[in-house]
Amino acid sequence: MATIAMAQSPPVLDADRRPLRSGVKYHVLPAATDTAGGLTLISRNDSCPLYVGQEPLSEVVSQGFPLILTSRDGDSVIREGRDFKIVFSAATICVQPTAWTVGEADPKTSRRFIVTGGDKDYFNIGKHNGLYNFRWCPNCPSGNCPKPRCGDAGIVIENGKRLFVLDGPAFPFQFRRVTN
Numbered sequence: 001m002a003t004i005a006m007a008q009s010p011p012v013l014d015a016d017r018r019p020l021r022s023g024v025k026y027h028v029l030p031a032a033t034d035t036a037g038g039l040t041l042i043s044r045n046d047s048c049p050l051y052v053g054q055e056p057l058s059e060v061v062s063q064g065f066p067l068i069l070t071s072r073d074g075d076s077v078i079r080e081g082r083d084f085k086i087v088f089s090a091a092t093i094c095v096q097p098t099a100w101t102v103g104e105a106d107p108k109t110s111r112r113f114i115v116t117g118g119d120k121d122y123f124n125i126g127k128h129n130g131l132y133n134f135r136w137c138p139n140c141p142s143g144n145c146p147k148p149r150c151g152d153a154g155i156v157i158e159n160g161k162r163l164f165v166l167d168g169p170a171f172p173f174q175f176r177r178v179t180n
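Heads up: the sequence shown begins at 1 in UniProt numbering, then just goes up one per residue.
Printed below as a string of structure tokens:
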């Protein structure tokens, strides 16, 4: 009898070279430390919902809000190319969930914003030239799913705000485990 072994994707590693753990708090920081701060919640137009964005570059760079990744398949480790949900570990004035979801597309650029407050979407992490980036391209658990419009996540600057969007140049980043 033939046995088929599924290849296990490599774990995503934090800045200390430890595998990312499902359910643990991390800060997401740029791989290039002189570009800006960590990921955070941003009001795009002074109202809710809040968007995923990046802290601006300043003399004292903010790490942003911690986030928690939860593996889709129950694995205790977050792996490259495997689906997970993302939630900021933060309270907001919008009184809404802080789970990431794919929002509306910009009519001028067709880039899709990553927002919070809706149903949780599945994201995954890719690796290119040794650097990690977020992607939205959910794997189909049943084998009978429509093909999504996949995209890498990157930063776009709009009215001085650094917003996280799909369908642009990828944003390379690193994870720092929250220790307190």
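Just so it is clear, CB atoms sit at the ideal spot from N, CA and C, and this is done for glycine as well.
These figures come from a predicted structure and were not determined experimentally.
Can you list, in chain order, the residues of its chain with a C-beta nearer than 6 Å to that of residue i? Leave out the 5 residues immediately preceding and following it.
| i | result |
| --- | --- |
| serine 89 | Lys25, Pro66, Ile68 |
| arginine 79 | Ser9, Pro11 |
| glycine 81 | Ser9, Asn124 |
| glycine 154 | Gly168, Pro169, Ala170, Phe171 |
If you check the beta carbons only, do residue i and residue j fall under 8 Å apart?
| i | j | result |
| --- | --- | --- |
| glycine 126 | threonine 101 | no |
| isoleucine 114 | valine 165 | yes |
| serine 76 | arginine 135 | no |
| glutamate 59 | threonine 40 | no |
Kindly list the residues whose CB is nearer than 8 Å to the CB of residue i, restricted to its own chain and excluding five residues on each side of it in sequence; keep chain order.
| i | result |
| --- | --- |
| valine 87 | Leu67, Ile68, Thr70, Pro97, Thr98, Ala99, Trp100, Lys120 |
Within 8 Å of any Cβ in chain B, is that where the Cβ of residue i sits?
| i | result |
| --- | --- |
| arginine 177 | This model lacks chain B altogether, as it is built from one protein chain only. |
Would you list the one or two residues that DSSP bridges to residue i?
| i | result |
| --- | --- |
| lysine 25 | Ile68 |
| glutamine 174 | Leu29 |
| threonine 101 | Val115 |
| tyrosine 132 | Lys127, Phe173 |
Can you say whether residue i is buried or exposed, counting buried as having 16 or more other CB atoms within 10 angstroms of its CB?
| i | result |
| --- | --- |
| histidine 27 | buried |
| asparagine 159 | exposed |
| threonine 116 | buried |
Apart from the five residues on each side of it in sequence, which residues of its chain come closer than 7 Å, Cβ to Cβ, to residue i?
| i | result |
| --- | --- |
| isoleucine 42 | Leu50, Tyr51, Gly53, Lys161, Leu163 |
| glycine 23 | Ile68, Thr70 |
On the premise that residue j lies in contact with residue i, defined as a C-beta separation below 8 Å, what is that separation, rounded to the nearest angstrom?
| i | j | result |
| --- | --- | --- |
| leucine 29 | phenylalanine 171 | The pair is not a contact, with the Cβ atoms about 11 Å apart (cut-off 8 Å). |
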